[in-house]
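Numbering (mature numbering (1 follows the signal peptide of the UniProt record, and there is no 0)), first residue to last: -30 to -1, 1 to 67.
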């Protein structure tokens, strides 16, 4: 009798854990920019540079946008940074929603 209760309790607990895990929202996945697309920044901040790994010229913040013009080079991508910057530059690729 005790074994059945324990088995039912464990089964109920496991069902609750599975249900809670399935209903949790998935974390946002960052992606590479697509040339020709105006992408939204997923990172909390993203530095705009004069060239790949070059001098800093401004910061894009989460929710601001970047028009990917290309090319891709060494993990960076060239384009137009909207928001506070409003000029062309390079950003690290892979931080777009």
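Where is the CB? At the ideal position from N, CA and C, for every residue including glycine.
The DSSP-derived three-state label of residue 22 is coil. As a beta-bridge residue in DSSP terms, residue 51 pairs with 36, 57.
When only Cα atoms are considered, residue 7 and residue 26 end up about 23 Å apart. With contacts defined as CB atoms closer than 7 Å, residue 30 and residue 47 fail to qualify as a contacting pair.
Residue 3 is classed as buried because its beta carbon has at least 16 other beta carbons within 10 Å across all chains shown. For residue 10, the enclosing beta strand (DSSP E) has its first and last residue at 8 to 10.
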